[in-house]
Amino acid sequence: MSIITNLRFNRHINVTVLRCPIIYNISYGWKNVTKCPSGREADMPVDFLTTEQTESYGRFTGEPDELQLARYFHLDEADKEFIGKSRGDHNRLGIALQIGCVRFLGTFLTDMNHIPSGVRHFTARQLGIRDITVLAEYGQRENTRREHAALIRQHYQYREFAWPWTFRLTRLLYTRSWISNERPGLLFDLATGWLMQHRITEILRQYFIRHCCK
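At position 143 of the sequence shown (counting the first as 1) the number is 143 in the UniProt record's numbering, and the numbers step up by one without a gap.
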């Protein structure tokens, strides 16, 4: 059995895995507990994230600049055609903002008030919506946000954090930890970039916050 296969299926973990709490959590879903080779349990170090990493993960920390707006929040004709299937300015603006947020942050937002004003105005102008206060009506039904998230996942081919992606990320982090001895905080940035590149969202955010950010 290979080391990587052993990482996922064997309960007797090679001590090297303990160097990276991210890897250990992805493999088993355990939190705050490390099982040592002797069988003893020890506290899992989960304070490896910097304050900046914790505060910026999955949320806005300020207004995106012009390049970021153009890259992540620009709506092309295909986007507008998809958005146009929603009824009402509030729903069109809401789903358009969700598309931009998942591209920029790697996750969907439940509170649209957390979206900077510049992002809202930039998106609304592209849709010909002059009054952005209509956004207050968006998501009054909780099901609306869930339905829109599901539609976006399907249309833009976003994935859930499940097999085989859990294994692929585990393998990547295990390899980097083995050959480079990088700090867990750097591996965290690598993991989030990899997951956004492969369009894996939402469950990822909940997973990392639950297992790595407490």
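Glycine included, each C-beta is placed from N, C-alpha and C at the ideal position.
Taking arginine 176 as the centre and dropping the five residues before and after it, the same chain places the C-beta of Glu182, Leu187 and Leu190 closer than 8 Å to its C-beta, in chain order.
Under the three-pair Cβ rule at 8 Å, the region 88–96 does not count as touching the region 56–70. From the listed residues Tyr156, Gly185 and Arg145, the smallest Cα separation to phenylalanine 82 is found for Tyr156. Serine 86 and histidine 148 have their alpha carbons spaced roughly 9 Å apart.
If you draw a 10 Å sphere on the C-beta of alanine 124, you find 16 or more other C-beta atoms in it, and that means buried. Closest option to lysine 80, judged by alpha-carbon separation, among Thr133, Ile99, Arg71 and Asp111: Ile99. By the criterion of at least three beta-carbon pairs nearer than 8 Å, the region 67–77 is in contact with the region 120–139. For the pair leucine 195 and glycine 88, the CB atoms are not nearer than the 9 Å cut-off. In this structure, the beta-carbon distance from phenylalanine 161 to isoleucine 200 falls below 9 Å. Under the three-state reduction of DSSP output, isoleucine 200 falls in the strand class.
Nearest to valine 134 by C-alpha distance, out of Arg153, Asn143, Arg159 and Met112, is Met112.
Selection Pro184, His90 and Gly193 evaluated against alanine 136 yields His90 as nearest (Cα-Cα). Taking 9 Å as the cut-off, the beta carbon of phenylalanine 108 is found closer than this to the beta carbon of isoleucine 152.
Scanning Arg130, Thr170 and Arg141 for the CA closest to the CA of threonine 192 turns up Thr170. Contact between valine 119 and tyrosine 158 does not hold, since the beta-carbon distance rounds to 20 Å and is not under 8 Å.
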